[in-house]
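Contents: one structure, followed by commentary.
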Amino acid sequence: MNVISNINEFISKEYAFEFFKNNKLKPNEVNEYLISNGENPINDAQSIFILAKRENTDIVQLAQIAKIEDAVVRKVLSSDKLLEQLRTEIKYDGYIERQKREIEYFMENENKYIPESIDYFSIPSLSNEAKEKLSRIRPRSLGQASRIAGVSAADVSVLSIYLR
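Under the numbering used here, the first residue of the sequence shown is numbered 1, with each subsequent residue one higher.
Structure (structure tokens):
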């Protein structure tokens with residue numbers, strides 16, 4: 001039963017997250033609140049999600065201004081646990097998305113294999129240090145190559161282009 005409850009909570013929180021991304025407040029609805037909290041007013045409608053990312057705004061107050069009646073969203077806002085998770089995810093969304101992209105990039109590089117017969121010294125744009133280290137260590141994938149000290153991100157990019 002606890003697993004099902006956790007799944008339902010997760011789904012509800014994700015639903016609320018998307019709900020706030022897709023619902024907007026107009027300047028005449030929210031500017032008084034923004035100004036009273038030391039925030040700059042808006043000129044055009046903005047999503048509740050974007051407004052909630054501001055330092056001096058709160059998702060619960062924004063939801064009250066928007067007169068949200070959606071039962072799932074109201075449930076999330078009334079749960080201390082889910083509300084805190086939602087606030088954290090909204091505030092750190094940019095960082096979370098960047099981390100997801102870095103993980104995807106990492107996983108892609110782990111699956112890009114380097115032929116054993118490759119001659120690193122024949123790749124013109126690799127740094128001399130990278131050529132030496134790659135030749136000595138012989139990594140199996142771009143991911144492994146990227147973790148070798150002395151092999152820069154630029155070297156990995158050059159190698160990636162060369163392997164295409």
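Ideal Cβ positions, reconstructed from N, Cα and C, are used throughout, including at glycine.
All figures in this text were calculated on a predicted structure; none of them were measured in a lab.
Of the listed residues the options, nearest to residue i (C-alpha basis)
| i | options | result |
| --- | --- | --- |
| Arg74 | Arg87, Ala154 and Val60 | Val60 |
| Glu29 | Glu132, Ser47, Val158 and Ile161 | Ser47 |
| Lys91 | Val3, Lys21, Ser12 and Arg138 | Lys21 |
| Ser117 | Arg140, Glu108, Ala130 and Val3 | Arg140 |
| Asp80 | Glu9, Ala153 and Lys100 | Glu9 |
| Leu169 | Asn2, Ile7 and Ser12 | Because the chain spans 1 through 164 in this model, residue 169 falls outside it and cannot be assessed. |
| Pro27 | Leu51, Ile7 and Glu14 | Leu51 |
| Ser122 | Ser135, Lys67, Asn6 and Tyr95 | Ser135 |
Extent of the continuous alpha helix (DSSP H) to which residue i belongs
| i | result |
| --- | --- |
| Asn31 | Pro27 to Ser36 |
| Leu126 | No alpha helix (DSSP H) holds Leu126; DSSP gives it neither H nor E. |
| Asp80 | Asp80 to Lys91 |
Close beta carbons around residue i, own chain, < 6 Å, minus the five adjacent residues each side
| i | result |
| --- | --- |
| Asn23 | Ile48 |
| Arg54 | Glu39 |
| Phe19 | Val73 |
| Ala45 | Lys24 and Lys26 |
Buried or exposed by the 16-neighbour rule on C-beta atoms within 10 Å, applied to residue i
| i | result |
| --- | --- |
| Gly143 | buried |
| Thr57 | buried |
| Val151 | buried |
| Leu163 | exposed |
| Tyr120 | buried |
| Tyr33 | buried |
| Ile193 | The structure shown does not extend to residue 193, since the chain spans only 1 to 164, so no value can be given for it. |
| Ala175 | Since the first residue of the chain shown is 1 and the last is 164, residue 175 is not available in this structure. |
| Ala63 | buried |
Residues near residue i by beta carbon distance below 7 Å, same chain, minus five either side
| i | result |
| --- | --- |
| Ala16 | Val72, Val73, Val76 and Leu86 |
| Ile65 | Leu25, Glu29, Val30 and Tyr33 |
Own chain residues within Cβ distance below 8 Å of residue i, not counting five before or after
| i | result |
| --- | --- |
| Ala149 | Lys133 |
| Tyr105 | none |
| Asn43 | Pro27 |
Any chain C beta carbon closer than 8 Å to residue i
| i | result |
| --- | --- |
| Ser157 | Here chain C cannot be found, since the structure has a single protein chain. |
Validate contact between the region 151 to 159 and the region 125 to 140 using beta carbons, cut 8 Å, 3 pairs: yes
Sufficient close CB pairs (3 or more, under 8 Å) joining the region 93 to 109 to the region 26 to 42: no
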